[in-house]
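Residue numbers (this note's numbering): -4 to 77.
From the three backbone atoms N, C-alpha and C, an ideal C-beta is built for every residue, glycine too.
Taking it in order: structure first as structure tokens, then the write-up.
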Amino acid sequence: MAQVVVRNIEDEVKARLKQRATEHGWSMEEEVRQILRAAVAERAQVPAGLGSRIAARFAGVGLSGELAELRGQEVLSMDLGR
């Protein structure tokens, strides 16, 4: 395995690394390894939002007309014949 030497780390940074390592129950060296692994790991693709998933689901339905915007219009209850 390769080695990396980092010089001139601020005392506060070193103290926080030591604190994190203690919380995780491993050495400072292992804490730095974990941080570096996480920093360079490929990020999982963020899933599409709900609106995008709905649009994809109904993309082939054939709706091509414009939908009227409801802003400024009164919203009425559905008449169920009661």
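Determine whether the beta carbon atoms of residue i and residue j lie at a separation below 8 Å.
| i | j | result |
| --- | --- | --- |
| L12 | M23 | yes |
| E26 | R15 | yes |
What first and last residue would you give for the alpha helix (DSSP H) that runs through residue i?
| i | result |
| --- | --- |
| L12 | D6 to H19 |
| L31 | M23 to V35 |
| I59 | Residue identity differs from the one stated: residue 59 is Ser in this sequence, not Ile. Run containing S59: none; DSSP gives neither H nor E here. |
| G46 | L45 to R52 |
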